[in-house]
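**Q** Quick note on numbering: the sequence shown equals residues 150 to 348 in my numbering.
The beta-carbon is built from N, C-alpha and C at its ideal position, and this holds for glycine as well.
Let me give you the structure first, and then I'll get to my questions.
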Amino acid sequence: MLDRPKQALKDAEAVIEAEPDDTDGYVRKARALSDLGQRSQAHEVLELAESRVGPGSYLLYWRASLLADDLEYEAALFHIRRSVALEGADRFDHRLHADIALGLGYTDEARDAIDQALGLYPDGEFGQYTNALVLLAEDRFDAAESMFDSATAAGLHQDYLGDFLAALVAEGRFMQAIKMRARYKNRQPDATSDAQRSN
Numbered sequence: 150m151l152d153r154p155k156q157a158l159k160d161a162e163a164v165i166e167a168e169p170d171d172t173d174g175y176v177r178k179a180r181a182l183s184d185l186g187q188r189s190q191a192h193e194v195l196e197l198a199e200s201r202v203g204p205g206s207y208l209l210y211w212r213a214s215l216l217a218d219d220l221e222y223e224a225a226l227f228h229i230r231r232s233v234a235l236e237g238a239d240r241f242d243h244r245l246h247a248d249i250a251l252g253l254g255y256t257d258e259a260r261d262a263i264d265q266a267l268g269l270y271p272d273g274e275f276g277q278y279t280n281a282l283v284l285l286a287e288d289r290f291d292a293a294e295s296m297f298d299s300a301t302a303a304g305l306h307q308d309y310l311g312d313f314l315a316a317l318v319a320e321g322r323f324m325q326a327i328k329m330r331a332r333y334k335n336r337q338p339d340a341t342s343d344a345q346r347s348n
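In structure tokens:
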């Protein structure tokens, strides 16, 4: 019996064979290859898909996402900009755009992107979390903490606390990070255990 990534790869190849003009099979194959550690092959599959099927926001999203996973942020930004320029770009496109722009230090671009994502779906916990990170980059530290609280109230897993605290520390906000960690520990001691181990 094949393990899950290998089975996913086999299934994706069957989809491509049955529907070679459908983007979904190529994306599924690229994701399976990525899970198997075959990153360059994953990128090649998506490049091939674009040459066969043409660009679409879904395909370009995944091109950008896999490149960002490989820390190839400039290339990722190129493709996510292409994606959001197309009709039909959704909140996932805009949120990824914000994440990538933020990784490159393009704070104004990240702000525009996350505002568009939240305009489409203001209650999403991941959009709110990205907004909290953008607020940190804008030096709006109290607003960032409040936005993180909103994200957790909307359902964001407490494991994200460790990353957010690390971002606060990176900005020199040591006391704020300590107080916030204590606040979450007192409020939800079990939920923060994983986040505490990450610091």
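1) Name the residue from Thr-256, Ala-262, Leu-253 whose alpha carbon lies nearest to the alpha carbon of Phe-241.
2) Going residue by residue through the segment 287 to 342, where are the continuous alpha helix (DSSP H) segments of at least 4 residues, counting only ones entirely within it?
3) With a CB to CB cut of under 6 Å and the five nearest residues on each side skipped, what residues in its chain are close to Ala-259?
4) Just the C-alpha distance for Glu-294 and Arg-188, rounded to the nearest angstrom, thanks.
5) CB-CB under 7 Å to Leu-226, same chain, minus the five flanking residues each way: which ones, in chain order?
6) Restricting to Cα atoms, I'd like to know which of Leu-267, Asp-288, Tyr-278, Val-318 is closest to Tyr-309.
7) Only counting the same chain, and skipping five residues up and downstream in sequence, which positions put a Cβ closer than 6 Å to that of Leu-317?
8) With 16 as the cutoff for other CB atoms within 10 Å, does Arg-177 come out buried or exposed?
9) Can you list, in chain order, the residues of its chain with a C-beta nearer than 7 Å to that of Ala-281? Leave out the 5 residues immediately preceding and following it.
10) Counting C-beta neighbours from all protein chains within 10 Å, is the total for Ser-214 16 or more, i.e. buried, or is it exposed?
11) For His-116, does the count of other Cβ atoms within 10 angstroms reach 16, so buried, or fall short, so exposed?
12) Counting only beta-carbon separations shorter than 8 Å, does Asp-261 have a partner in chain D?
13) With burial defined as no fewer than 16 other Cβ atoms inside 10 Å of the residue's Cβ, what is the status of Ser-200: buried or exposed?
14) If you reduce the DSSP assignment to three classes, tell me which class Ala-161 lands in.
**A** From the atom records:
1) Residue Ala-262 holds the alpha-carbon nearest to the alpha-carbon of Phe-241 among Thr-256, Ala-262, Leu-253.
2) Secondary structure within the segment 287 to 342: the alpha helix (DSSP H) runs of 4 or more consecutive residues, fully enclosed, are 290 to 302, 309 to 319, 323 to 336 (chain order).
3) Result list for Ala-259: Ala-247, Ala-250, Leu-251, Val-283, in chain order.
4) CA-CA distance, Glu-294 to Arg-188, rounds to 35 Å.
5) Counting only Cβ-Cβ distances below 7 Å, and skipping sequence neighbours, we find Ile-249, Ala-250, Leu-253.
6) Taking only the C-alpha atoms, the option nearest Tyr-309 is Tyr-278.
7) Once the five neighbours on either side are set aside, the close Cβ partners of Leu-317 are Gln-325, Ala-326.
8) Buried.
9) Correct list, in chain order: Ala-293, Met-296, Phe-297, Ala-300, Phe-313.
10) By the Cβ-count criterion, Ser-214 is buried, with 16 or more other Cβ atoms from all chains shown falling within 10 Å of its own Cβ.
11) Absent from the structure is residue 116, since the part of the chain shown begins at 150 and ends at 348.
12) This model lacks chain D altogether; it includes just one protein chain.
13) Here Ser-200 is exposed: its Cβ has fewer than 16 other Cβ atoms, across all protein chains shown, within 10 Å.
14) Ala-161: helix per DSSP, three-state reduction.
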